Amino acid sequence: MDAFIDNFANLDSLIEVWPLLLSGLEVTLLLCLVTVPAGVALGLAVAVLHSLRIRYLTTLLIVYVDLLRSFPPLVLLILIYYGLPFLGLELSELPAAALALVLNSSSYYGEIFRAGIEAIPKGQREAARSSGLSALQALVHVVLPQAVRAVVPPLTSNTLELVKLTSIASVVALPELLRTARMAQDLVYNPTPLMAAALIYFLLLWPLVRLISKLDRRSMAGH
Amino acid sequence: MEQLGKYFFNLDVMWGALPAMLEGFALTLEIAVAVVLIGITSGLLLAIVRAFQIRPLNWLLVFLVDLLRALPQLVVIMIVYFALPYAGIQLSSIVSTIVSLAAILAAVSEEIFWAGITIVPKGQWEAARSTGLGFLTTLIHVVLPQAIRVAIPPLTNWTIAITKGTALGAAVAVPEIIGQALSVQSIVANPSPLTLGALMYLVIFAPLVQLSRWIERRYGWAV
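The listed protein sequences correspond, in order, to chains E and L. The numbering of the first sequence is the working numbering, which starts it at 99 and goes up by one. The numbering of the second sequence is the working numbering, which starts it at 38 and goes up by one.
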């Protein structure tokens, strides 16, 4: 048991690497701060464009969404980080990771918003238009508020997945939480930093997991 | 455009990389199949265990499920591969990837099956029990068939999302598609193997994404 604690919960090691882990947490939070709003905005744009029913554009958007949903996010990140420099476009770790995550999550957010918009009865839009609102006004003031409310559970769940996904940036050596934990492990020769990083992720995300569990059950019961 | 052809769709390079890439492709498929089989079966078994409502056992189960839903996939893989050896458990990189992803899929599918079980009306239980069926017989022959039907659409989406995590094996040196592509790429200094790898993922996951769209339409499940 002592050996176990020495390895997995070594206080001395933790104190030594704590500043490193904190700097990693900052990068993780920064990455979330960039990618969540950008992913949501791009996804919303995709869904709204989709709802316009312009033939070729709709096909193009479906291809965009399905293509991005078919690539593992890590594949996208590696293409961007290792591939683009050959075209003369060299992105450093943070922008490369942010770009990959935003593209990937925009496809999921896009699908969610699309489902939300399609769930709003056509009559709503028609009623709004006939009361004199423009198409844009009908969309912004009538359709979207209801659509967004209807998809809060999957939106929350997808955001949790996106936050977790930031950890793949460690593969291209962005010093976020997981990467710093791995670096720290090489300093202290025990897995305490890794366990600490896991604990940080867990404490940060557990409330969200509980919330999603509740929302999911409620929406499933409604079906 | 010429650059694009030379660096991303260089057929000579792709041809040279093909044998290694095909090995990676086969390994990716094997890992994915193992993850799906182990993950979903364990998830179903765990949901059945949960139905027995043994208090302390259920608390432990809910905690483990929450833990696996809160931790990023890559963090779980890193813990299994880099931390467990300190507890005397040494798993190969391939087994580590399978165990981690299967555990995550088990957690997620347990939640989905359990949600399915809870929305089967109580009257169904009571009717089945009053005809003389035992608890387990009722669960297996009356409740589960209905619960699994409800579970299929979300389960499909989650299974696809988690199987895409096989690419994360590359981070612990599993020679799957991306791992092979990266090692060939570093030898030939040309990212065409990455393009080939991306195409291989497309071959695996594009049909699955289409399948999930079809299932959603068929079962009328939004998101």
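Glycine is no exception: its CB is placed at the ideal position from the N, C-alpha and C atoms. From a predicted model like this one, the values you see are computed outputs, not experimental measurements.
Taking V112 (chain L) as reference, the option from L:N47, L:Y238, L:A208 and L:V86 with the minimal CA-CA separation is L:A208. In the displayed model, P212 (chain L) falls within coil according to three-state DSSP, outside both helix and strand. By the CB criterion at 8 Å, L129 (chain E) and P171 (chain E) fall outside the cutoff. Sequence-distant partners of T196 (chain L) (beyond 5 residues in either direction) whose C-beta falls short of 8 Å from its own C-beta, in its chain, are V73, G76, I77, L142 and S146. Neighbours of G181 (chain E) across chain L, judged by C-beta separation under 8 Å: Y44, F45, P228, L231 and T232.
About 5 Å separates the beta carbons of T264 (chain E) and T126 (chain E), which is inside the 8 Å limit, making them a contact pair. Approximately 4 Å separates the beta-carbon atoms of A267 (chain E) and A195 (chain E); this is inside 8 Å, confirming the contact. In the three-state reduction of the DSSP assignment, A226 (chain L) falls in the coil class. Between the C-alpha atoms of P93 (chain L) and L165 (chain E) there is a straight-line separation of about 44 Å.
Out of L:V102, L:R186 and L:V180, the CA that lies nearest to the CA of R166 (chain L) is found in L:V180.
For R223 (chain E), not one C-beta of chain L is nearer than 8 Å to its own C-beta. Using beta-carbon distances, R106 (chain L) counts as an interface residue toward chain E, with a partner under 8 Å. Q235 (chain E) sits in a helix when the DSSP states are folded into three classes. The closest CA to that of Q110 (chain L), considering only L:L231, L:I91 and L:G202, is found on L:G202. When secondary structure is reduced to three states using DSSP, M51 (chain L) falls in the helix class. Residue contact check for S149 (chain E) against chain L: no CB pair falls below 8 Å.
Within the same chain, and ignoring the five residues on either side of A136 (chain E) in sequence, the residues whose Cβ sits closer than 7 Å to its Cβ are V200. For L147 (chain E), the enclosing alpha helix (DSSP H) stretches over residues L109 to S149. Per DSSP, reduced to three states, the secondary structure at M99 (chain E) is coil, with no helix or strand assignment.
About 6 Å separates the Cβ atoms of L205 (chain L) and I114 (chain L), confirming a contact at the 8 Å cut-off.
Chain E has a Cβ within less than 8 Å of the Cβ of Y238 (chain L). Here the alpha carbons of E124 (chain E) and L276 (chain E) stand approximately 12 Å from one another. It is roughly 11 Å from the alpha-carbon of R151 (chain E) to the alpha-carbon of L159 (chain E).
CA-CA distance, A54 (chain L) to E39 (chain L), rounds to 21 Å.
Across the structure, G181 (chain E) and G122 (chain E) are spaced so that their CA atoms are roughly 26 Å apart. By alpha-carbon distance to P56 (chain L), the top candidate from L:Q247, L:P212, L:R254 and L:W251 is L:P212. Here M293 (chain E) has F106 and A107 as same chain residues with Cβ atoms under 8 Å from its own Cβ, once five neighbours each way along the sequence are excluded. Sorting L:A188, L:A63, L:M237 and L:I252 by C-alpha distance to the C-alpha of S168 (chain E) places L:M237 at the top. The continuous alpha helix (DSSP H) containing F150 (chain L) extends over residues S130 to T155. Counting along the chain, T200 (chain L) sits inside the alpha helix (DSSP H) bounded by residues L181 to T200.
Straight-line measurement puts the Cα of G61 (chain L) at about 40 Å from the Cα of S317 (chain E). Under the DSSP assignment, F119 (chain L) falls outside any alpha helix (DSSP H); it carries neither an H nor an E label. As the crow flies, the alpha-carbon of P230 (chain L) is around 13 Å from that of L41 (chain L).
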